[in-house]
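Presented below is the structure to which this report refers.
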Amino acid sequence: MPSPGACRPPSPTSPPSSPSTSPTTPSPATSRTSASPASDSSTSPTTASPGPSRTSSGSPARPSPGTPSPRSSPWSPPPRPRCPPRGAADRRRRKLGESAILGITVGGFTLLFAASVLCMVVFFRGKGRGGGGEDYASGKAAKASRSSSSPKAVGGNRDESNRLVFFDGCNFVFDLEDLLRASAEVLGKGTFGTAYRAVLEDATMVVVKRLKEVGVGKREFEQQMETVGRIRHENVVELRAYYYSKDEKLMVYDFYSQGSVSSLLHGKRGEERVPLDWETRLKIALGTAKGVAHIHTENGGKFVHGNIKSSNIFLNTQRFGCVSDLGLSSLSTNAVVPRVSRTAGYRAPEVVDARRPMQASDVYSFGVLVLELLTGKSPIQITGGGDEVVHLVRWVQSVVREEWTAEVFDMELMRYPNIEEELVEMLQVGMACVVRTPEQRPKMAEVVRMIEDVRRFDTGNRPSVEVKVGESSGTTPGGLVQGSTGSASPVQ
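Here is the structure:
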């Protein structure tokens with residue numbers, strides 16, 4: 051094989067000169083021996099010519115196959131074969147190398163981008179599979195979000211923007227992946243979302259609340275969650291963790307096995323049902339009052355619960371009331387509460403926008419809860435086959451005004467002896483909280499003191515207490531016949 055620096059041999063179209071060709075003047079340039087095979091020694095030497103040799107007739111001479119080229123002689127050097135300039139070859143090789151490098155670089159970046167896209171697709175599909183959908187509510191593994199009826203769980207602690215945020219003091223040792231695998235059941239649907247009981251693999255039970263219609267951004271949401279998560283009180287259900295994404299907002303609470311006040315008061319009334327006794331109802335009222343009073347001291351004394359109702363009050367192990375779901379009203383996009391709903395029965399008259407409650411409206415809602423404990427009736431009731439709506443506050447005010455006070459109280463309480471005076475005193479507390487004018491309502495700290503005065507378990511004779519009805523709403527009750535226990539059905 052010729053060396054890289056050797057020139058190419060002459061083209062086959064340029065055969066050696068015929069012996070009959072007359073000699074010509076040799077070319078002034080000399081070269082090395084041609085790379086083609088040497089000619090036979092009997093062949094006569096010829097002078098070099100830059101062009102192809104021709105026959106006597108003028109046509110190019112065609113060498114016979116296998117005929118060697120004439121050998122160069124010292125006095126007649128062979129013609130120098132033409133070689134392409136080395137610079138052009140180098141440029142071609144350099145151009146080829148640059149193109150290859152560019153192609154490899156572009157291909158590498160393309161593969162890297164495709165791999166990144168594939169990883170993102172796998173990640174978000176995995177996050178969707180962790181989501182709620184209907185399977186989460188039925189206790190199966192969470193799947194991609196399909197329905198608003200159950201929470202959509204999200205990917206684990208993979209990055210700061212996609213993680214479950216726990217608060218200090220939380221003893222839970224699970225992450226979102228554990229939450230995804232938990233079996234779950236619906237506990238209830240409320241104004242701001244749906245609550246689920248989730249049972250983790252280690253048998254830990256928590257309540258996961260999936261919020262709906264959240265109308266604030268991530269920063270404001272997280273600020274509110276941080277405020278709520280810092281509240282620590284024995285009568286406040288502590289927020290343990292939360293999660294925020296564009297599509298899902300989750301909150302994690304402790305699970306209270308004894309259930310909510312709403313389920314205990316208005317649940318199924320079968321033979322196995324154990325009604326709430328009077329002492330427990332007093333504890334519920336006292337614990338709730340203490341919890342709300344503490345909430346009102348937070349955030350410089352400006353914090354508001356905004357959604358006090360029996361379904362948000364739970365019983366702890368000592369059977370005292372504990373307040374849950376605080377601080378959610380300001381996050382909602384829904385400013386109007388449906389008129390025919392249980393929540394509407396707790397709303398104070400001055401509250402026009404449900405997203406902007408006041409502490410005085412919390413006092414009103416607590417007063418409705420007290421009346422609910424005393425009467426065993428829902429804040430809103432439907433009678434007459436659904437044609438008539440009865441507001442509990444208006445009904446109680448009308449009954450007391452007519453001096454039929456005994457007809458107010460729950461018949462299940464009548465089995466307990468010597469509690470009439472405590473019933474009347476608690477009725478007075480409730481009526482003081484539901485006066486129409488906000489400025490005339492007591493502060494929650496004062497309400498706590500009033501209930502603590504009622505919580506006497508001695509049965510000695512005490513002077514009768516005159517029930518003073520607060521400022522009336524100015525309307526007569528539109529429902530239950532006075533003195534009737536009624537067959538009103540609660541509005542969920």
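Add 50 to a position in the sequence shown, counting from 1, and you land on the number used in the working numbering. Positions of the beta carbon are idealized from the N, C-alpha and C atoms, including for glycine. Please read these numbers as outputs of a predicted model, since none were measured by experiment.
query, result
"Evaluate residue 301 with the Cβ neighbour count: other Cβ atoms within 10 Å of its Cβ, from every protein chain shown; 16 or more gives buried, anything less gives exposed.", "buried"
"With contact counted as at least three CB pairs below 8 Å, one residue from each stretch, are the segment 322–340 and the segment 494–506 in contact?", "yes"
"Apart from the five residues on each side of it in sequence, which residues of its chain come closer than 6 Å, Cβ to Cβ, to residue 375?", "357, 362"
"For residue 329 and residue 311, what's the separation of their Cα atoms in angstroms?", "14 Å"
"Ignore the nearest five residues each way along the sequence and tell me which others in residue 424's own chain have a CB closer than 7 Å to its CB.", "458, 459, 460, 473, 476, 477, 480"
"Please state whether DSSP places residue 543 in a helix, a strand or coil.", "What is shown of the chain runs 51 to 542, which leaves residue 543 out entirely."
"So, with DSSP's three-state summary, where would you put residue 371?", "strand"
"Is residue 216 closer than 8 Å to residue 290 when the C-beta atoms are compared?", "yes"
"Relative to the C-alpha of residue 543, which candidate in 294, 398, 411 has its C-alpha closest?", "Any answer about residue 543 is impossible in this case: the structure gives the chain only from 51 up to 542."
"Which residues does DSSP pair with residue 286 in a beta bridge?", "373"
"Residue 264 and residue 382 look like a contact to me (Cβ under 8 Å); what is the Cβ gap, rounded to whole Å?", "7 Å"
"If you reduce the DSSP assignment to three classes, tell me which class residue 347 lands in.", "coil"
"What's the call for residue 187, buried or exposed, on a 16-neighbour Cβ count within 10 Å?", "Its pLDDT being 33, under 50, residue 187 is placed unreliably in this model, and the value from its coordinates should be taken loosely. Classification of residue 187: buried, given that the 10 Å Cβ count is 16 or more."
"Ignore the nearest five residues each way along the sequence and tell me which others in residue 286's own chain have a CB closer than 6 Å to its CB.", "341, 373"
"Is it true that the CB of residue 483 sits closer than 8 Å to the CB of residue 545?", "Absent from the structure is residue 545, since the part of the chain shown begins at 51 and ends at 542."
"Inspect the beta-carbon positions of residue 306 and residue 364 and report whether they are closer than 8 Å.", "yes"
"Does DSSP put residue 306 in a helix, in a strand, or in coil?", "coil"
"Report the CB separation of residue 558 from residue 260 in whole angstroms; it is logged as a contact under 8 Å.", "Coverage of the chain is limited to positions 51 through 542, which leaves residue 558 absent and any answer about it impossible."
"What's the gap between the Cα of residue 152 and the Cα of residue 304?", "59 Å"
"Which one or two residues does DSSP pair with residue 238 in a beta bridge?", "245"
"Measuring straight from C-alpha to C-alpha, what distance separates residue 413 and residue 394?", "15 Å"
"Between which two residues does the beta strand (DSSP E) carrying residue 298 extend?", "Element bounds for residue 298: n/a, residue is neither H nor E."
"Please classify residue 453: does DSSP put it in a helix, a strand, or coil?", "coil"
"Taking Cβ to Cβ, would you say residue 316 is nearer than 8 Å to residue 428?", "yes"
"Can you tell me whether residue 291 is helix, strand or coil according to DSSP?", "strand"
"Below 8 Å on the Cβ atoms is my guess for residue 494 versus residue 343; work out the distance and round it to an integer in Å.", "4 Å"
"Would DSSP call residue 340 helix, strand or coil?", "helix"
"By the three-class DSSP mapping on this structure, what secondary structure does residue 363 have?", "strand"
"Nearest CA to the CA of residue 242: which residue from 298, 497, 309, 470?", "298"
"What is the DSSP secondary structure of residue 433, counted as helix, strand or coil?", "strand"
"With H, G and I counted as helix, E and B as strand and the rest as coil, what does DSSP make of residue 382?", "strand"
"Quick one: residues in its chain with C-beta nearer than 7 Å to the C-beta of residue 396, no 5 flanking neighbours on either side, listed in chain order?", "358, 359, 415, 418, 429"
"By the three-class DSSP mapping on this structure, what secondary structure does residue 215 have?", "strand"
"Roughly how many whole angstroms lie between the Cα atoms of residue 292 and residue 464?", "44 Å"
"Could you round the C-beta distance between residue 462 and residue 442 to whole angstroms and report it? I think they count as a contact, below 8 Å.", "That pair is no contact at about 17 Å."
"Would you mind giving the Cβ-Cβ distance between residue 377 and residue 274, rounded to the nearest angstrom? I have them listed as a contact below 8 Å.", "6 Å"
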